[in-house]
Structure formats: structure tokens, C-alpha cells
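Following the UniProt record's numbering, the numbering of the sequence shown begins with 1 at its first residue and continues without gaps. Here the structure is laid out as C-alpha cells; the discussion comes afterwards.
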Amino acid sequence: MRFGDQILQVNDEFVTGMDCEEVVNILEKSKSERIVLAIRDRPFARTVTMHRDNAGAFGFQLYAGRIKHIVPQSSAARNGLLVDHQIIEVNGQNVVGIGNKKLTHMISCCAQTLTVTIMPYSIFEKLIKRLPSGLMRKMMDHSVPNWNMSRRKVSCNLALLKEKLGQDPESYREEFFDQFRHFQSVLQLMELQPQLKQEGLVEVVFFLCTAAQFYPEAAIELRDQLMALLKRSASDFDSPVRVALCKALLLLNTRKMICLSDLVGLFLELLKCRDKTLRMFLFTATVNRLRKTNATRRDQKLDSSLQKTFLWHLQESNALIARFSLLVLIDLYRRRIWRNDKIANGIAQASLNPVNRIAITAVRFLLGSDVTCNKAIPDDDDDDEDDDDEPASDQEDQSRRYRTLKEMLLSYRVGKKSKKRCKMLEKAKEEMRKKYQKKRQRKKSFIADMSAIEMVYDPQEFAEKLFRKLQNSRDKYEIRLLYMALISRVIMVHHLILLSFYPFLQRYLTPHQRDVTKLLLFAAHASHDLVPPDVVEALVRVIAYNFITDRNSSEAITVGLNAVREIVCRCPLAISFELMQDLAGYKKYKNKNVAMGARSLIHLFRRINPKALAKKDRGRPTVASAQQESIARPYGTRQVTSFVPGAENLTMEEMPDSGRLDENENSASDNEGSWIDVSDDDDSESDLSDRENNPTSSKAACSSPNVADEQVDRAKKAEEICSSRVLTQTEFEKIATSRIVDSVLPASRKRKSCLSNALADAAAKVARLKDIEHLHKRPKLDKQARIESVKSGRKGREDYGKRKRRGPHVGRTQRELAKRKAFSMVKHKAAKKRKNRSFRQQQQALRGYLLRQSKLR
């Protein structure tokens, strides 16, 4: 019992409305030692919790426990503290009868939060009317409360009850099940009245989910009831309540009281609710939970079950559920959590979905981070993806990096030196270096991870279905452009033959077509050495007739030449000798961009097929292009080598000693245990007679060996080196250096290589949009573009001039003030200045005067 409680019954006898003396007589007449009281918990009292402000005050004044004044807009005013109320408890401690000085000291010594219990002063005055002040001060309990309070108070405070359950679950079992029964009654009431306020339900649900781990039987029942509630009437709840109930189920999953597959199945059903906030939360929660599940170890059985669930729902007629499943699969594939052929093929099949939104999402994922076709793909690891063509952002990132490093070094230099600080500095520098390198590598990579396209089961059928959908499509031009990009990418990766795709592209290849450079890029991607040359030749002729003509602008001609170069680089037989001569004639065009585009085409054919050029355009042959037959191969043939190209440039002395020892041993054993073959004398004599009879042939044979034999020897040497040992990284670097030198050095009779792979290197390089749009000389900007570039350069730049002159309260200089004065006030100063001039100044003044006079004449 506490001060202010109202007694309603004494031993089953109602005492409401009785006088105080009558109630005392009933208590005295009671013969039994046990008295049962029914009380009402302080009907006129209420509890207020306040917090200190920035000044450390609560915002009220009191005298003898009575509140006299409340500061407006303070914590006391906002939390409902009232004037003319008496404080009877401070943080649970009874303060009735305590003096004003001690009470003020108790409040000032409390922490940041203050909880007081108050009642109206008129009621308080009636209660203590007959109590002597000494009795209240000496006999009343003023001890600090024990926080092991009554179970009734603990059960009302859920946070405290949760703490007690963590300490001793069995002792508070009844209080937990009281709350559980209360939750069940609220659920029944909400089913009857869905419009009922649901704030209290969320708090109880979170308490039960947190404490259910101590009572497994209640946890199972709670899980079933929550899942049934969401399945049955989730659409009747408000959006915050739906999200809160899903959070509670996630909490049960964290406690391992609900299977993740069941939870994901429920989330997929909840997507039918028209609630965007809920859908965003479910996507984030699903991805994060799967990431955490696979962070430490992979549960193959669970992963397989969830993958089947998402792939099955990917084919569902409900677009929301299908798109949700697709986004989850894409996100997990990008994070390398679920990266296998099953997921890749599921996403690929989603690109054929009749719902445009789903299909475009899948197409954009398959295209990856290629900024030419896809600018709406977000990045994976919490870092933004920038375009490669933004030097300003690169400079900002670099300056930010150096600024952070400078601050780190400064703090280390100024602070106290210690081994720990030194290690922390080295660790921070290493982390910064790795992060910066990772970011730079991500920016430099043009084509994103194409592993999803490489894992497609039947790429030919997939490409044909995509092309069939593209032909029958009536979507916007941007969407058709995405499909063309994906088809060309699949053809490029798998070297497919889709002959009807090239005539389809031809009708778009005109200079005035929107995004025509992208279409030219797709044509280059779809070209490879397995496509029949006549099909690609028709495409090249269309580009040449539409772009490379004198009636077009120089930019259009340059783009056409670049596109032809990228196509014939992959399919060298796709251009005729006559057309090549016409295009090579643009090397002397008046515009530098066109001339450089034609020269790049000539240089390409010097490496891959010099026979297609005129003799004057072939240039001096190099070591790499000495044998043209191995470079310009017929259609359908492939070059297969049994050695690393360029390995013949290594020396045989670099072979390990063990190999040489083995050879010596083998030769020694051959000499010891086998016959030695010696040529007959007759044969030697006949050879000598032949040489004597034909001295010129012997001289030629001795002085200059056959070139073909030398090339075969070099190939044998390369094969012998590659088969005799494992090449090191240093040797690979030597090979790369020698191949670069071979492509530059002129050919000689003593050194001609048959190991050139210029065509393979050029074809292996994936074409980029900037290769098509590349202009060697930047075109002149018009006036509006120049003004915009000037304005963009001024952003973030400090104004010119001295800092002292740029302040807001800076006045004028003496020269500025002199200009505002009358001439009569400053003429004496001008005369004095003229009198003190040097000879050089007088000379300049005279010269200026004479020039002005000559102009006047």
C-alpha cells in the first residue's frame, strides 16, 4: 500500500463513503489475524516523467512539495506537470513530510530523467488534515524504494518485466502468460472491430517475441497466431502495424523460432497488399536476412529451397510478386551469394516476361554496368558508380583521398608517437589504398560481369526468342534499344549465328537516327569471325553508303569509319578490296578527324590483312606481319597453337638445372647402352661431289638458310620452352615486351615471326562507345556552349584579387576616393607626381603623347 490509495473493502465489507472513524472501528473489531483489503490504486495521483534541458533544469518551481510555477515550453510543461499539485513521490521514493530543503536537494541530485507522482493540493490537504506533522516526518516510510517491486507494478511495466524475465524466467511465468492472454483477447477484439486503435498491440507483440525464447510452447503458439493474423487480415491494418508485425516475425526468426523459408513464403503473400512502404521493407529485410544466413556458412538445403521458391514465383501472374522475386535474385547474384547457372537462367527467362517492367529489369541486369545501354543500374556495395567520362568526379575523389591522407598524417605527426599509433596509421593507409584501387578498377571496367550470359543453357534459342520478341514489339524506342543491346551481347559472348539480326539493324543505321552510335556499337558486338562474311559485308556497305559520303558532316564520316574499323577488326573478310580502297582514300581528307579515322583503318589492316590494302598503303612490313597467310585466314578456320606466342624470345639457358641434368643423363645412357648410327662413306662422298659440282647452291645454303626453316625452328623453340618448364611472371612480362617490339621493328631476312596474334588481340578487345564516337580533334564550340563551360569552371572557385579586398566591410582605396574628388583638390598631387617622374617614365609619357597627336591628324 502507498500513500493516496483508497480502501474499498475490508474483509468483504464495503467501506466506500464511510467516515474514517467507522473504518478504524471495523479494523479494530476484526478478530482474525488476516485482514483482506480491496484497494484502488491512488485514484487522484498521476505520474509525470521529465528530462533536463540544455541548461540542466526541468522547468518548475516548488515550495514544501507544492508546485508553484512552471516554465513555458519546458520539459515539465510538455509532459503535463500542473500548478497547485503536491509531489508525493520522487523516482519511486515517498516524500510526504520531507522538508523543502531536503526535497529540493533530492531533485537536484537526480540523473537526467526525473519521475514524480503528483496529486491535487486540495486532495492532499484533506488527507493530511488530521495527521500531525511530526508523525508524517518520523513515522512515515521515506526509504529508497527496492526495485524488486510488486508483481502488479512489474507486469504493468513491460520493459521492467522483460528485464526480470531475463534474470529469472520461472518466477515471472504467470506475468508473461497474463500478457499473452491479453494479446489473444486484443486479437479477438480486432477481428471484430478492425478500426480499433492498434498502438498497444505493437508494444505487446514486441515484448512477447523478445521474451518467448524462455517459453518454447508459447513461442510456437505466438508464431502461428501472428502468421495466421497476417495471412487473414493484413490488409485491414495500418501500414506501420503491418511493418511492426513483420519485424516481430523477423525477431522470432533471429531466435530460431520460425523457419526462414516459411517467413519468405509469408512475405511473398503480403506483397498483395497495396503498401509501398511494406514492399520496400520486405525487400530489404529478405536480402539482409539471406546475407546474414550465408555470411558464416552456407546451408545448401535451405538455399536450394529458397531458390526454388523465388524461381517459381518468378513465373507467377501477379506482377508485384514476380518483380519482387526477380529483384531479390538479382541483388543476391550481384553480391555473389547466389551465383549459379540456375539463378542466371531464371533471370534470363525473366527478360522474356510479357510484363515490360519485369522484362526491362532483367535485361538491364544482363547488360550489367555498361553505361552505353544502361544508366539506371544501382551499385552493389554501398558505393556509387560513376561514368568513365567524368574527369571532374575523378579529380574530386582524388582530392578527397589526398585530403583525408593529409589529415591522417598530420594527426600522427602532431600527436604522441607510439607503436600502437604507428600500426594504426599503417593499417589505415593500407585500407585506404585498397579501397581506392578497388574503386578505380570498378570505374575502369567497361563491361560488367557477363557470367550470367555465359551461364545460359541454350544461348541460340534464347537469342532467337529475344529477337522474335523484338520484331513483334511495339514498345518505346528506348526499350527496343535495350533488347538490341542484349541480343548483340549474347551473340558476342557465345559467337552465335543469327543472320536475321543484321538486316534488322540495317534499317536503323542512318546518320539522323537517334542514338545511332549505340546501334553501330551493337553491330560491332554482333560481328565475329564465325558469321558469314557476305552477311557482315552487307552491313558494312550500308554503313559506308549512309555515313562515309561527302554529303555528310565530318563527324558522321568519322563515326562511320570508326564503326567499320570495329566491325572488320572482328570479321576481316567482311570488306571488299574496292571498298577498302575507297575508305583508304579518306586519309587525305581536309578534316583531321576523318583523315585519322581512315588512317586507323589502314593501320589495322596492316596488322591483320595487308593484302586487302593497296601496295602503297601496306607500309614497311614488321616482324609481326611477316607471314600474312597465318593472319588472314579463310572463313571458318581457327588458329590453334601448342605454345605461348612469343616464348621463342626466351633463352634456353633459363631452363632449370634439373632439366639439363636429365638431358645429360639421357645422352650418357644413350652413348653407353646403344649403338651409334654413322653415315656410310658412299653417302658422304656423293654429298661432297654434289657440292663441288654446284658451288652456288652450296654457297646459298651455307650463307642464308631458308626463311621457312627458320620460322619452323622458332616455333619448335617456343614449343620446347613451353613444354620444358613453367613460365614465371617475369618471363611473361618479357614475352609481352618482345611482342610489342615485334609489332614495331622492321622485318629482316634473319628474323621473321609466324607467331603474330594481332587479329586475336584486336578481336578480344570489347568495343566501347567511345571507340565509335572518338574524335581526334575536338570540334569548335558555339557561343552558348562556351558560355556554359566558362560558368561551370567558375563553380567552387575563389574570386580573383586580394583577400583583404574581398571582405564585407572593406572600404575604398585612396585611388578610388581620389577619382570621386574634384580636380582642384588633387591637381597639386598630380603636379608633384609629374615633377618626380624618372627619365624612363618621362620617355613613355612623351611617346604616348606623340602617338595620340599622330592619331588626331
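All C-beta atoms, glycine included, are put in the ideal place defined by N, C-alpha and C. Please read these numbers as outputs of a predicted model, since none were measured by experiment.
- Residues of its chain near Asp771, where Cβ-Cβ distance is below 7 Å and the 5 sequence neighbours each way are ignored: Asn562 and Glu566
- By how many angstroms is the C-alpha of Phe365 removed from the C-alpha of Met580? 39 Å
- Message: To the nearest angstrom, how far is the alpha carbon of Gly4 from that of Glu13?
- Response: 20 Å
- Query: Three-state secondary structure (DSSP) at Val223?
  - Reply: Before going on, a small fix: residue 223 reads as Arg here, not Val. Helix at Arg223.
- Query: Is the distance from the Cβ of Glu175 to the Cβ of Leu160 below 8 Å?
  - Reply: no
- Cβ-based neighbour list, Lys855, same chain, cut-off 7 Å, excluding 5 preceding and 5 following: none
- Close beta carbons around Lys588, own chain, < 7 Å, minus the five adjacent residues each side: Ala595
- So what's His51 in DSSP terms, helix, strand or just coil? strand
- Query: Are there three or more Cβ pairs, one per stretch, closer than 8 Å when the stretch 496-506 is compared with the stretch 531-549?
  - Reply: yes
- Item | Inter-residue CB distance, Ala212 and Tyr333 (contact presumed, cutoff 8 Å) | Their Cβ separation, rounded to whole angstroms, is 35 Å, which puts Ala212 and Tyr333 out of contact at 8 Å.
- Indicate whether at least one CB of chain D lies closer than 8 Å to the CB of Ile67. Looking for chain D here will not work: only one protein chain is present.
- Message: Assuming the contact rule is C-beta atoms closer than 8 Å, Leu81 and Ile70 should be a hit. Round their C-beta distance to whole Å, please.
- Response: 6 Å
- Task: In the DSSP assignment, find the unbroken beta strand (DSSP E) run with Leu278 in it and report its ends.
- Result: Secondary structure note for Leu278: it is in no beta strand (DSSP E), and the uninterrupted alpha helix (DSSP H) holding it is Lys276 to Thr296.
- Taking the Cβ atom as the reference point for each residue, do Cys209 and Leu251 lie within a distance shorter than 8 Å? yes
- Message: Please classify Asn353 as buried or exposed, where buried requires at least 16 other C-beta atoms within 10 Å of its C-beta.
- Response: buried
- First and last residue of the uninterrupted beta strand (DSSP E) at Ile347: From DSSP, Ile347 is part of no beta strand (DSSP E) but of the alpha helix (DSSP H) over Asp341 to Ala350.
- Cβ of Leu326 within 8 Å of Cβ of Ala350? yes
- With DSSP as the reference, label Val90 as helix, strand or coil. strand
- Message: Quick check: Leu8 and Thr16, are their CB atoms within less than 8 Å of each other?
- Response: yes
- Query: So, is Trp338 buried or exposed, given that buried needs 16 or more other C-beta atoms within 10 angstroms?
  - Reply: buried
- Message: Nearest by alpha-carbon distance to Val456: which of Arg421, Glu431, Phe467 and Val493 is it?
- Response: Val493
- Please report how far the alpha carbon of Asp458 lies from the alpha carbon of Asn472, in whole angstroms. 22 Å
- Go through its chain and collect everything with a Cβ distance to Phe58's Cβ below 8 Å, but skip five positions before and after it. So the list reads Met50, His51, Arg52, Ser74, Ser75, Ala76, Ile107 and Leu114, once near-sequence residues are dropped.
- Would you check if the distance between the CB atom of Tyr436 and the CB atom of Leu425 is smaller than 8 Å? Their beta carbons are not under 8 Å apart, which means Tyr436 does not touch Leu425 by this criterion.
- Message: Relative to the C-alpha of Arg66, which candidate in Lys101, Met18, Lys777 and Leu37 has its C-alpha closest?
- Response: Lys101
- Message: Taking the alpha-carbon of Thr284 as reference, which of Leu329, His313 and Ser724 has the nearest alpha-carbon?
- Response: Leu329
- Measuring CB to CB, does Ile343 end up less than 8 Å from Ala362? Their beta carbons are not under 8 Å apart, which means Ile343 does not touch Ala362 by this criterion.
- Item | For Val36, the nearest candidate out of Glu555, Phe839 and Val10 (CA to CA) | Val10
- Item | Length of the line joining the Cα atoms of Leu245 and Val205 | The alpha-carbon atoms of Leu245 and Val205 are separated by roughly 8 Å.
- Query: Which residue's Cα is closest to the Cα of Ile88: Lys616, Cys110 and Ile118?
  - Reply: A check of alpha carbon separations from Ile88 across Lys616, Cys110 and Ile118 identifies Ile118 as the nearest.
- Alpha carbon to alpha carbon, what distance is there between Lys292 and Leu260? 12 Å
- Task: Output the distance between the C-alpha atoms of Leu850 and Gln844, rounded to the nearest integer angstrom.
- Result: 10 Å
- Task: Kindly indicate which residue of Leu165, Val766 and Lys31 has the alpha-carbon position closest to the one of Met450.
- Result: The residue with the shortest Cα to Cα distance from Met450 is Val766.
- With distances taken from CA atoms, which of Lys615, Asp529 and Ser789 is nearest Ala574? Asp529
- Query: Apart from the five residues on each side of it in sequence, which residues of its chain come closer than 8 Å, Cβ to Cβ, to Glu203?
  - Reply: Leu158
- Considering Thr558, what are the terminal residues of the alpha helix (DSSP H) in which it resides? Per DSSP, the continuous alpha helix (DSSP H) segment holding Thr558 begins and ends at Ser554 to Arg570.
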